[in-house]
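For reference, the structure discussed in these notes is given below.
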Amino acid sequence: MTGTGRGRFITLEGGEGAGKSTQVRLLADALAACGVAVVTTREPGGSPGAEEIRRLLVSGDTGRWGGLTEALLHTAARRDHLERTVWPALDAGRWVLCDRFADSTMAYQGYGLGLGREPVEALQRVALGGFRPDLTVILDLAVEQGLTRTHARRGGEDRYERMDLAFHERLREGFRDIARREPERCVVIDAAHPVEAVQAAILDAVTRRLGVGVP
Ligand code: TMP
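Be aware that the sequence shown starts at 28, since it is given in our numbering, and climbs by one per residue.
Here's what the structure looks like:
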């Protein structure tokens, strides 16, 4: 199982409170309405083992893990998720929509925690080989606006939401840098717009980049 089957792999990325989960749901509904077999999943998590690793990552003190340890944990969770969930679905011809993927490790651990690009790229070479998303949608939002949304939603109990503003500014810039480096894979969408407008921009990107007509 390598994920090189007929399915397409679309990832949604962005900082806290950018609306990824909502947009994953809306995109899944739109694709399903076109007759596409869709699987939605998330990282860290998406398989039983990866969900266990998730618990280690999102709870506890902000400084619980060093940057490299944290990147290793996210990468271990990702490998399990790929082997157990993502690649089998793609090989069966399904489309997989994933709430966060490898770009989150680059943005959060590489840029946010200051680990740098090289160690994260090395981990990705080992864990992913040449596997990459067919399309990555990066939802871009001002840091304060995103954190206000997440705090209103669930009181900011997540470890990452409690990290300081400078951390969140660095990871936002990290996502933008990733998009500049890989423009053929990534599209940046302004997440400050209303949900419907963001949804329309995502559908437009899917139609143009992957060549499917989504009404
Ligand atoms: P979620 O709140 O979007 O479900 O993600 C949980 C947190 O994990 C989120 O704050 C971002 C963080 N994260 C990383 O730091 N590195 C990663 O590789 C991934 C996938 C998520």
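All C-beta atoms, glycine included, are put in the ideal place defined by N, C-alpha and C. Just so you know, these numbers come straight off a predicted model, no measurement behind them.
Beta-bridge partners of residue i, as assigned by DSSP
i	result
residue 122	65
residue 165	40, 215
Between the CA atoms of residue j and residue i - distance to the nearest angstrom
i	j	result
residue 75	residue 160	22 Å
residue 116	residue 239	19 Å
residue 51	residue 122	12 Å
residue 217	residue 71	24 Å
residue 100	residue 219	31 Å
residue 133	residue 200	11 Å
residue 131	residue 221	24 Å
residue 54	residue 231	11 Å
Candidates the options, of which the one nearest residue i by Cα
i	options	result
residue 128	205, 223, 33, 196	205
residue 65	47, 79, 36, 226	36
residue 47	79, 108, 177, 146	177
residue 67	84, 80, 101, 114	114
residue 89	131, 110, 139	139
residue 229	210, 207, 189, 162	162
residue 269	109, 214, 196, 185	In the structure as shown, the chain starts at 28 and stops at 242, and residue 269 therefore has no counterpart that could be examined.
Residue i beta carbon near ligand 1 (any heavy atom closer than 8 Å)
i	result
residue 85	yes
residue 101	yes
residue 128	yes
residue 132	yes
**Request:** Scan the region 47 to 123 and note each continuous beta strand (DSSP E) run of 3 residues or more that stays entirely inside, going in chain order.
**Result:** Qualifying beta strand (DSSP E) stretches, in chain order: 65 to 69.
**Message:** Please give the ranges of any alpha helix (DSSP H) in the region 125 to 156, keeping only runs that are unbroken, at least 4 residues long and fully inside the region.
**Reply:** 144 to 155
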